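Asker: The structure is given below, and queries will be raised subsequently.
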Amino acid sequence: MTGTPLTHIQATLEDPRLQAAIYKASGRLMDHRRHAIDPEELPDFQELRTQANLLKRHTIENLDHYLEMFQAQVEAHGGQVLWASDGQQVADFVLELARRKQARLIVKSKSMTTEEIDLRDRLEPQGLETVETDLGEYILQLAGERPYHIVAPALHKTREDVGEIFSRRLGVPLENEPEKQTKIARAVLREKFLAADIGMSGANFLVADSGAVVLVENEGNARMSTTAPRILVAVAGIEKLIPRAQDLAVFLKLLGRSATGQALTVYTSFLSGPRRETEIDGPEEFYVILLDNGRSKLLADPEKRQSLFCIRCGACLSHCPVYRKIGGHSYPWVYSGPIGAVITPQFQGIQAAGWLPFASSLCGACGEVCPVKIELPQLLLELRAEIQKARARHSENRWEKLAFRAWAWVMRHPRIYEMLGMMAGAVLPGASPGDWRERLPRWAARGPLGAWISQRDLPPLPERSFRRVWRERLRAGKS
Ligand code: SF4
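Position one of the sequence shown corresponds to residue 1044 (the numbering used here), numbered consecutively onward.
What follows is the structure, encoded as structure tokens:
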């Protein structure tokens, strides 16, 4: 993403082609979900949500216990668990591993966690080719963009866009048929799968009692990425834990339906350790990197820790009227929509993303669709209150506070209020909306209030103020 969020938002709103693409794709996801959770299809949907919420709450409250259990199980199956506090530690491990194994090529399945730490950008400059194998992610890698949506990364791309990207980046003839485009990508990626030294994945779930990394997907690329290369590295946030394999009965029923409206995704893979002697495929070496990257900070807050329940289904994005207008690239981090508005300020600090919780209509749709019942609107409100308090303490708010104090003083002195009103009438006579800023002195438009002023319209000022009309009527003997 380039430019400020504001320029992205404006550009998105002014692009009818992009608006149509976002509305169409997110609308389709909403329709599919609605059908998939129809009470005739799934009568216990609401009970499943409650169960999922309780399971996640229990796991997050006992995370240390389940992390240790998971590690013991992975090691018992011959794998290794690494702990990373940030993206640099993940990259350092992968680079060192690649150096030791003389690896040159990594194939990667879709993973928001590795997007979160910009892993590809950390590996490729070191000479380690890293290829996304999910079709949407591959399109975006070629386009040089980050994901637009958690489950539909290239949601904003039309078939014409994809044809142009393939033609420009792969040197193939322009092709606008999705089936033919898929064949083009498959031909390129098949060679990569066969030549790759290391396979990388994220994790939809980490099962503590069996040490399994669970991946759900529709294209088969995650299965290829995790079984074809001789080394597998899975990178997962520590919140991906669930206690038992049987809990998947709850989460898998919710995830596919909430994400894409599928009862179950096409592939569900359970990876637990390197290839056994009796097995014909699978990696020889198996590593799971457990990433913190700010998560343990959230654990400390009993209310906000529920942000860690998220199973990255993307339903809150697709149903959010703000996301559907401003699109995924208007958000400052890889997580967009309501969950992005909740976790980005918590992970990255309010200086970087304090405006996000305010970018919500609080319509409540996100909270209603969340399969793990995260109270997203409530969290947005709590964050707003916190951010306002912090801003009040911070010097950045000094000008606003001064302005309101001055305003309060003026309001208590009617003559001065009237005089200022007359002066405003002289500076902005009959100003129409939009052009009043041009009449302000340059210092006012560029000063500390500049950003505030730039985003506000002023209704045209009446030719005669209320006070003047009132006095004229009194003089004329009317009341
Ligand atoms: S917050 Fe809930 S709805 Fe949004 S992505 Fe996470 S699990 Fe899905």
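The C-beta atom is built at its ideal place from N, Cα and C for all residues, glycine as well. Nothing here was measured: the structure is a model prediction, and the numbers come from that model.
In chain order, what residues of the same chain lie with their CB nearer than 8 angstroms to the CB of T1387, ignoring the 5 residues before and after it?
Answerer: Taking the first residue of the sequence shown as position 1, residue 1387 is located at position 344. Hits under 8 angstroms: Y1374, P1375, W1376, Y1378, A1395, A1396 and L1399.
Asker: Count the C-beta pairs between the segment 1165-1174 and the segment 1343-1360 that are closer than 8 angstroms, then say yes if the count reaches three, no if not.
Answerer: Cβ pair count under 8 angstroms is below three, so no.
Asker: Please determine whether the Cβ atom of P1484 lies at a distance below 7 angstroms from any heavy atom of the ligand SF4.
Answerer: For the purposes of this step, residue 1484 is taken as the residue at position 441 of the sequence shown. No - the ligand SF4 has no heavy atom lying nearer than 7 angstroms to the Cβ of P1484.
Asker: What is the rounded straight-line gap between the Cα of R1143 and the Cα of E1220?
Answerer: On the sequence shown, residue 1143 is found 100 positions in, with the first residue counted as 1. On the sequence shown, residue 1220 is found 177 positions in, with the first residue counted as 1. Distance between the alpha carbons of R1143 and E1220: 43 angstroms.
Asker: Whole angstroms is fine: what's the gap from L1307's alpha carbon to T1201's?
Answerer: Working through the sequence shown from its first residue, we reach residue 1307 at position 264. Working through the sequence shown from its first residue, we reach residue 1201 at position 158. Straight-line Cα distance between these residues: approximately 26 angstroms.
Asker: Just to confirm before moving on: does the CB-CB distance between A1271 and A1246 stay below 8 angstroms?
Answerer: Translated into the one-based positions of the sequence shown, residue 1271 becomes position 228. Translated into the one-based positions of the sequence shown, residue 1246 becomes position 203. Not closer than 8 angstroms, so no.
Asker: Taking DSSP as the reference, what is the three-state secondary structure of S1244?
Answerer: Stepping through the sequence shown from its first residue, residue 1244 is reached at position 201. S1244 falls in the strand class under three-state DSSP.
Asker: For Q1305, does the three-state DSSP call read helix, strand or coil?
Answerer: Position 262 of the sequence shown, counted from the first residue, corresponds to residue 1305. Reduced to three states, the DSSP call for Q1305 is coil.
Asker: For G1520, count neighbouring Cβ atoms within 10 angstroms of its own Cβ and tell me buried if that reaches 16, exposed if not.
Answerer: Taking the first residue of the sequence shown as 1, we reach residue 1520 at position 477. By the 10 Å Cβ count, G1520 comes out exposed.
Asker: Just list the alpha helix (DSSP H) runs in the segment 1358-1427, keeping only unbroken ones of 4 residues or longer that don't cross its boundaries, in chain order.
Answerer: List check, alpha helix (DSSP H) in window: 1358-1361, 1364-1369, 1380-1391, 1393-1396 and 1408-1412.
Asker: Can you tell which of F1136, E1175 and I1285 has its C-alpha closest to the C-alpha of K1151?
Answerer: Here residue 1151 refers to the residue found at position 108 of the sequence shown. It is E1175.
Asker: Reducing DSSP to helix, strand and coil, say where L1185 ends up.
Answerer: For the purposes of this step, residue 1185 is taken as residue 142 along the sequence shown, with counting starting at 1. If DSSP states are grouped into helix, strand and coil, L1185 belongs with the helices.
Asker: F1351 and W1126: beta carbons closer than 8 angstroms?
Answerer: Here residue 1351 refers to the residue found at position 308 of the sequence shown. Here residue 1126 refers to the residue found at position 83 of the sequence shown. Reading the sequence as shown, one finds Leu at residue 1351 and not Phe. Result no, Cβ atoms of L1351 and W1126 do not sit closer than 8 angstroms.
Asker: How far does the beta strand (DSSP E) with Y1066 in it extend, from its first residue to its last?
Answerer: Sequence index remark: in the sequence shown, residue 1066 carries index 23 (1-based). Not the beta strand (DSSP E): Y1066 falls in the alpha helix (DSSP H), residues P1059 to A1079.
Asker: Under 7 angstroms: does the beta carbon of C1406 sit that close to some heavy atom of the ligand SF4?
Answerer: Residue 1406 sits at position 363 when you count from the first residue of the sequence shown. No, Cβ of C1406 sits at least 7 angstroms from all heavy atoms of the ligand SF4.
Asker: Out of curiosity, what's the CA-to-CA distance linking I1103 and E1346?
Answerer: For the purposes of this step, residue 1103 is taken as residue 60 along the sequence shown, with counting starting at 1. For the purposes of this step, residue 1346 is taken as residue 303 along the sequence shown, with counting starting at 1. C-alpha separation (whole angstroms): 12 angstroms.
Asker: Could you tell me if the beta carbon of S1301 falls within a distance shorter than 7 angstroms of some heavy atom in the ligand SF4?
Answerer: On the sequence shown, residue 1301 is found 258 positions in, with the first residue counted as 1. Correct: S1301 has its Cβ closer than 7 angstroms to the ligand SF4.
Asker: Return the residue from the list R1211, V1205 and P1420 that minimises the CA-CA distance to E1222.
Answerer: The residue given as residue 1222 occupies position 179 in the sequence shown. Ranking R1211, V1205 and P1420 by Cα distance to E1222 puts V1205 first.
Asker: Should A1433 and S1403 be called a contact, given that it needs their Cβ atoms to be closer than 8 angstroms?
Answerer: The residue you call residue 1433 lines up with position 390 of the sequence shown. The residue you call residue 1403 lines up with position 360 of the sequence shown. No, the Cβ-Cβ distance between A1433 and S1403 is not below 8 angstroms.
Asker: What residue range is occupied by the uninterrupted beta strand (DSSP E) comprising F1329?
Answerer: Looking up residue 1329 in the sequence shown gives position 286. Segment E1328 to L1334, the beta strand (DSSP E) holding F1329.
Asker: Which whole-angstrom value describes the C-beta separation of I1208 and A1230, a residue pair presumed to lie in contact below a C-beta threshold of 8 angstroms?
Answerer: For the purposes of this step, residue 1208 is identified with residue 165 of the sequence shown, where counting begins at 1. For the purposes of this step, residue 1230 is identified with residue 187 of the sequence shown, where counting begins at 1. That belief does not hold up - the Cβ atoms of I1208 and A1230 are roughly 16 angstroms apart, past 8 angstroms.
Asker: What number of angstroms, rounded off, separates the C-alpha of K1444 from the C-alpha of Q1421?
Answerer: The residue labelled residue 1444 in the question sits at position 401 within the sequence shown. The residue labelled residue 1421 in the question sits at position 378 within the sequence shown. Each residue's alpha carbon lies about 27 angstroms from the other.
Asker: Express the C-alpha separation of M1454 and L1341 in angstroms, rounding to a whole number.
Answerer: Within the sequence shown, residue 1341 is the residue found at index 298, counting from 1. Within the sequence shown, residue 1454 is the residue found at index 411, counting from 1. Computed Cα separation, rounded: 43 angstroms.
Asker: Is the segment 1181-1197 close to the segment 1046-1061, with three or more CB pairs under 8 angstroms?
Answerer: The segment 1181-1197, when compared against the segment 1046-1061, does not touch it at the 8 angstroms Cβ threshold.
Asker: If you measure from the CB of A1451, is any heavy atom of the ligand SF4 nearer than 7 angstroms?
Answerer: One-based indexing of the sequence shown puts residue 1451 at position 408. No, Cβ of A1451 sits at least 7 angstroms from all heavy atoms of the ligand SF4.
Asker: Would the beta-carbon of R1419 be found less than 7 angstroms away from any heavy atom of the ligand SF4?
Answerer: Indexing the sequence shown from 1 puts residue 1419 at position 376. The sequence shown places Leu at residue 1419, not Arg. Answer for L1419: yes, Cβ within range of the ligand SF4.
Asker: Looking at P1388 and the ligand SF4, is the gap between the Cβ and the nearest heavy atom below 7 angstroms?
Answerer: Position 345 of the sequence shown, counted from the start, is the residue given in the question as residue 1388. Not under cutoff, so the answer is no.
Asker: Quick check on DSSP: helix, strand or coil for A1127?
Answerer: Sequence index remark: in the sequence shown, residue 1127 carries index 84 (1-based). If DSSP states are grouped into helix, strand and coil, A1127 belongs with the strands.
Asker: Given a cut-off of 8 angstroms on the beta-carbon distance, is the pair I1065 and G1370 in contact?
Answerer: Sequence index remark: in the sequence shown, residue 1065 carries index 22 (1-based). Sequence index remark: in the sequence shown, residue 1370 carries index 327 (1-based). Yes; because the gap between Cβ atoms is below 8 angstroms, this pair is in contact.
Asker: Regarding R1355 and the ligand SF4, is the C-beta to nearest heavy atom distance less than 7 angstroms?
Answerer: Here residue 1355 refers to the residue found at position 312 of the sequence shown. Yes - the ligand SF4 has a heavy atom lying nearer than 7 angstroms to the Cβ of R1355.
Asker: How about V1415: is its Cβ closer than 7 angstroms to a heavy atom in the ligand SF4?
Answerer: One-based indexing of the sequence shown puts residue 1415 at position 372. V1415: yes, Cβ under 7 angstroms from the ligand SF4.
Asker: Assign A1446 to buried or exposed, taking buried as 16 or more other Cβ atoms, counted over all protein chains shown, within 10 Å of its Cβ.
Answerer: Here residue 1446 refers to the residue found at position 403 when the sequence shown is read from its first residue. Flag for A1446 reads exposed.
Asker: Are there 16 or more other CB atoms within 10 angstroms of the CB of I1182, so buried, or fewer, so exposed?
Answerer: For the purposes of this step, residue 1182 is taken as the residue at position 139 of the sequence shown. Classification of I1182: buried, given that the 10 Å Cβ count is 16 or more.
Asker: Measure the C-alpha to C-alpha separation of L1483 and S1361 and round it to an integer number of angstroms.
Answerer: Along the sequence shown, one-based indexing puts residue 1483 at 440. Along the sequence shown, one-based indexing puts residue 1361 at 318. So the two alpha carbons sit approximately 41 angstroms from each other.
Asker: Report the rounded CA-to-CA distance for L1091 versus E1411, giving the unit in angstroms.
Answerer: Working through the sequence shown from its first residue, we reach residue 1091 at position 48. Working through the sequence shown from its first residue, we reach residue 1411 at position 368. Cα to Cα, the separation comes out at about 14 angstroms.
Asker: For K1226, count the other beta carbons within 10 Å of its own beta carbon; 16 or more makes it buried, fewer makes it exposed. Which is it?
Answerer: Mapped onto the sequence shown, residue 1226 falls at position 183. Per the 10 Å Cβ criterion, exposed.
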